[in-house]
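Taking the numbering used here, the leading residue of the sequence shown gets 9, the next gets one more, and so forth. Even for Gly, the Cβ is constructed at its ideal location relative to N, Cα and C. Every value quoted in this text rests on a predicted model; they were computed, and no experiment measured them. Before any comments, here is the structure.
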Amino acid sequence: SLNASRRWPGALAEWRRSVANRDEELVTQLSILDFEFRASGTRVATDKFLAQCTPEQLESTDVLVFRRRLARERGEFEEFKRLDRLVVERSPTPADSIGVAFSYGAFGDVAGGRARLGDVPTKRRAQVEADPTNAFAWGDLGMVEALLADPKNNAPLF
């Protein structure tokens, strides 16, 4: 959202932090696997690639995030949660916390999704207050508020 809201110095600093220790060849291969999946509809190549990864590669943050997404796609909630815990340990402020929180809710763990948001609601409210014309901040805040909504007083989200 820093990039979308044109806060270039912050976006650049965040980008540099996020790629500082990345294995670019591995990241490229994961991107190719995603492209192959979209083209073919099958994860056979993905499964084969992951089976050939070293233990160090499998535990890298990029691969953990990738594997977490695979677990979500496959409906493997316990594996999704396990991998999410590992991702959070390595990156205490993951940029994808809203999407991950919604995944918890989609798996039926709305309380877990709300907890996964951490301080995101406070940050998004402050961002909207500071920049009320930022459509991306409003979109994020809307998703956060939907997840936090009391089902007794609102339409159920899940």
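Among the options, which one has its Cα closest to the Cα of residue i?
i, options, result
"R98", "E67, G121, D117 and R122", "E67"
"F115", "S39, V95 and E81", "E81"
"G150", "D127, I106 and T62", "I106"
"G147", "K160, D158 and V128", "V128"
"G83", "Y112, D104, Q65 and F57", "Y112"
"F85", "D70, V96, K56 and D117", "D117"
"L156", "F74, T141, A138 and F110", "F110"
"E64", "A138, L34 and D42", "L34"
"K89", "F45, G121 and T62", "G121"
"A123", "R133, R132, A134 and V108", "V108"
I believe residue i touches residue j by the beta-carbon criterion, under 8 Å. Please report the beta-carbon distance rounded to the nearest angstrom.
i, j, result
"V136", "A145", "5 Å"
"L72", "L58", "With a Cβ gap of about 11 Å, L72 and L58 do not count as contacting."
"T54", "L91", "The Cβ separation is near 15 Å, so there is no contact."
Quiz item: Which ranges does the alpha helix (DSSP H) cover as unbroken runs of at least 4 residues, wholly within the region 22–105, from first to last along the chain?
Solution: Secondary structure remark: continuous alpha helix (DSSP H) runs of at least 4 residues inside the region 22–105, in chain order: 32–48, 52–60, 63–66, 69–82 and 85–98.
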